[in-house]
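Participant:
In the UniProt record's numbering, the protein residues as written are 1 to 265.
1. Indicate whether residue 143 and residue 159 have their beta-carbon atoms separated by less than 8 Å.
2. Under a three-way DSSP split, which group does residue 178 fall into?
3. Could you check the C-alpha separation between residue 107 and residue 162 for me, to the nearest Å?
4. DSSP puts residue 140 in a beta bridge; with which residues?
5. Does residue 38 pass the burial test, meaning 16 or more other C-beta atoms within 10 Å, or should it be called exposed?
6. Does the Cβ-Cβ distance between residue 181 and residue 153 come in under 8 Å?
7. Going straight from the alpha carbon of residue 255 to that of residue 217, what length do you get?
8. In chain order, what residues of the same chain lie with their CB nearer than 6 Å to the CB of residue 117, ignoring the 5 residues before and after it?
9. What number of angstroms, rounded off, separates the C-alpha of residue 149 from the C-alpha of residue 78?
10. Could you check whether residue 187 and residue 171 sit closer than 8 Å to each other, using their CB atoms as the reference points?
11. Identify, in the order they occur along the chain, each residue of the same chain with its Cβ nearer than 8 Å to the Cβ of residue 101, setting aside the five sequence neighbours on each side.
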């Protein structure tokens, strides 16, 4: 049996449908609100992430700029420093080099001048003087002893005390107070006046010394051969001491005898 809806039934259905539509509208609004909230959150997070990246990028760029500016500043400073050294310090370097050259020339001049004056005054050179002062054959002498001898016998208007001190400093660079035979020969060789290894020159010098000795003997009424006699050499009279004293250096009989044998034979 079919039922026929009345107008009242339709009105009631319309009211129910309107209620359902209103509920759905409210639900739609809630969903749209949630969507908007989620969207705003996502956008905010995205913006924060982008801002963070931008900030990091700016900070990185700033660091690079600082490093680059520091590098450029350092490079410019080094260039200015090099220019300053080239323009200002080069003359000073030239002066130092000139001073070193002049100092080397002064050293050479002082050594050669002293050696020449020593030969002129005493007929012996520096190498022979070293042997004479090394009376104990210790292969070394006191620098003070050499300095005192040079001041005593060759100090003059041509040979100043500074020249002698310069020579002593060259021979005794370590200021040990002693001058070894090797140091003497090395120094003299450096300035081209070490003739100890030249047989001809040494022979000439020794001959001059012995001739000088023979001449002094003749002035005292003796011959050179008389000095071989032990009795004569052992006498302690002042005349014999003065005879054997050549330029304040005592010559022992063995040295004289060996020298004469070397010259004569």
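Ideal placement from N, C-alpha and C gives every residue a C-beta, glycine not left out.
Facilitator: Put simply:
1. no
2. strand
3. 11 Å
4. 180
5. exposed
6. no
7. Because the pLDDT of residue 255 is 42, which lies under 50, any placement of that residue in the model is unreliable, and the number read from its coordinates should be weighed accordingly. Their backbone Cα atoms lie some 16 Å apart in a straight line.
8. 154, 159
9. 56 Å
10. yes
11. For residue 101, the predicted model reports a pLDDT of 48, less than 50, meaning its position is unreliable and no value from the coordinates is stated.
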